[in-house]
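Note that the sequence shown covers residues 1 to 387 in my numbering.
Single-structure report; data block below.
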Amino acid sequence: MITNPHPIPFNQPFLAGKEFEYMESAIRKEKKLSGNGHFTRLCQQFFEEKYGFGKCFLSTSCTDALEMAALLLDIQPGDEVIIPSYTFVSSANSFALRGAKIRFVDSKSDFPGMDESKVEALINERTKAIVAVHYGGVPCAMDILQNLSKKHGIPLIEDAAQAIDSFFEGKALGSFGDLAAFSFHETKNIHCGEGGMLVVNNPNLVKRAEVIWEKGTDRAALFRGEIDKYGWKDLGSSFLLSELQAAYLFAQLENLKIIQFRRKMIWEDYAAWFSGRQDQIQVLPIPYLKSLEDSIKDLGKVETQTQPGNHHVFYLLFETLEYRQECIRRLKEKGILAVFHYQSLHKSEYIQKHQPEEYFRDLPNSDRFTDCLLRLPLFYELPDLTK
Ligand SMILES: *Cc1c(COP(=O)(O)O)cnc(C)c1O
1 MITNPHPIPF NQPFLAGKEF EYMESAIRKE KKLSGNGHFT RLCQQFFEEK
51 YGFGKCFLST SCTDALEMAA LLLDIQPGDE VIIPSYTFVS SANSFALRGA
101 KIRFVDSKSD FPGMDESKVE ALINERTKAI VAVHYGGVPC AMDILQNLSK
151 KHGIPLIEDA AQAIDSFFEG KALGSFGDLA AFSFHETKNI HCGEGGMLVV
201 NNPNLVKRAE VIWEKGTDRA ALFRGEIDKY GWKDLGSSFL LSELQAAYLF
251 AQLENLKIIQ FRRKMIWEDY AAWFSGRQDQ IQVLPIPYLK SLEDSIKDLG
301 KVETQTQPGN HHVFYLLFET LEYRQECIRR LKEKGILAVF HYQSLHKSEY
351 IQKHQPEEYF RDLPNSDRFT DCLLRLPLFY ELPDLTK
């Protein structure tokens, strides 16, 4: 039973500024709503210039960007791809679609992100890619992964779905891998409803990426006036983001700084509150924070997230599944929606059916985060809703 008349959702999509203006301009001025137009180019340029990324391709989702990556690397049945178990289904499904076998890596003991020190043991002659997932925009140790990639000659892919505007040793996430995939799903820091982007940092892959992006054709070259007819050149699919969504996305990118700043303040408030620094609260109302605190009382020792990343998530870590579920129930009664996160992929129904030998792998850290992690509401307009 929800007693709070103004429930607090876990996430709420928001407008940052000129979304409608730019969408109207796509319709009335540019008069182009399919993909690869004015706003697509503006968004791609934004990333290429601001973060030093290789060639960027806006796509309909991060899932699609990862599927492009699997096509681009010619993943075949029998190939193996190394991926953390504690991640979203798409990180693995994109490669399973091409017949790859997934080799799962455990999380670190003190953080949900992948344990880089466990990757090398999984490499063999069938390994065709290593997928680094930056959980909560907290960077994987890219020096370790890049060295492994070089040493064994295996492409490195970053699933940077949550990692916009986040850095490892001063260099932007998304600029380390041969390929990187971003998400602009409404639950991410910057969004356009559904959307994504493939970054191609390896120059040898750019030409084919453009063909795969354009449904297996060289239509993009025709648009540039390089050829006078286009045709079917390679495998591909319908990966382009519509200009309407690119217009929405560009308005958000223009406000990246303020959006990130606001999320940072919310994140810091949570961190301050749960570590007893009540005097440092900036934007979240005290009654809201108090009702969170009430809900974890007598539920054992609760750890809080310490690595901020790009302030994509703020999580609590309980001692047991039962304590976490009880907390979810109590918060729901107060009208606050808090949610758990991934379910270990090595124990998923799909893997049990198709890679049964993987099912028996022992990945205790991934299982612990599956059972014990709880994410608190964190979105642009949260402070207004909690008032
Ligand atoms: C959100 C997310 C995805 C999927 O993104 P979509 O744009 O919804 O396809 C993939 N990987 C990770 C790690 C994610 O967080």
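All residues carry an ideal CB built from backbone N, CA and C; glycine is no exception.
- If you ignore the 5 residues before and after Pro112, its C-beta comes within less than 6 angstroms of the C-beta of Tyr86, Tyr135 and Phe369, all in its own chain and listed in chain order.
- Between the region 220 to 230 and the region 102 to 110, the count of Cβ pairs shorter than 8 angstroms is below three; the stretches do not touch.
- About 4 angstroms separates the beta carbon of Thr304 from that of Phe274, a gap short enough to meet the 8 angstroms contact definition.
- Straight-line measurement puts the Cα of Thr127 at about 15 angstroms from the Cα of Asp178.
- In this structure, the alpha-carbon of Cys43 lies about 27 angstroms from that of Ile130.
- In the displayed model, Thr40 falls within a helix according to three-state DSSP.
- Here Gly300 is exposed, its C-beta having fewer than 16 other C-beta atoms within 10 Å.
- DSSP places Thr127 inside the beta strand (DSSP E), whose first and last residues are Thr127 to Val133.
- Between Phe10 and Asn147, the alpha-carbon positions lie close to 38 angstroms from each other.
- Under the rule that a run must span 4 or more residues, the alpha helix (DSSP H) segments found entirely inside the region 197 to 229 read 206 to 213 and 219 to 223.
- The Cβ neighbour count for Asn255, taken over all protein chains shown within 10 Å, is at least 16; the residue is labelled buried.
- By the rule of a C-beta closer than 6 angstroms to any heavy atom of ligand 1, the residues picked out are Ser61, Cys62, Thr63, Thr87, Phe88, Ser90, Ser91, Val133, Asp159, Ala161, Gln162, Ser183, His185 and Gly196.
- A distance of 8 angstroms or more separates the beta carbons of Ser34 and Gly195.
- Taking C-alpha positions only, Phe47 is separated from Asp165 by approximately 10 angstroms.
- Where Pro383 is concerned, the enclosing alpha helix (DSSP H) starts and stops at Leu382 to Leu385.
- Selection His312, Ala338 and Glu358 evaluated against Arg262 yields His312 as nearest (Cα-Cα).
- Shortest Cα-Cα distance from Arg375 to any of Glu67, Val302 and Phe39 involves Val302.
- With contacts defined by Cβ atoms closer than 8 angstroms, Lys108 and Asn310 do not form a contacting pair.
- If you ignore the 5 residues before and after Trp267, its C-beta comes within less than 8 angstroms of the C-beta of Pro308, His311, Phe314 and Leu378, all in its own chain and listed in chain order.
- In the three-state DSSP reduction, Tyr86 falls in the coil class, being neither helix nor strand.
- Distance from the Cα of Asp74 is smallest, within the candidate group Gly193, Phe250, Leu235 and Asp279, for Leu235.
- By the 16-neighbour rule on beta-carbons within 10 angstroms, Asp143 is exposed.
- In this chain, the beta strand (DSSP E) harbouring Ile102 covers Lys101 to Val105.
- DSSP lists Val199 as the bridge partner or partners of Cys56.
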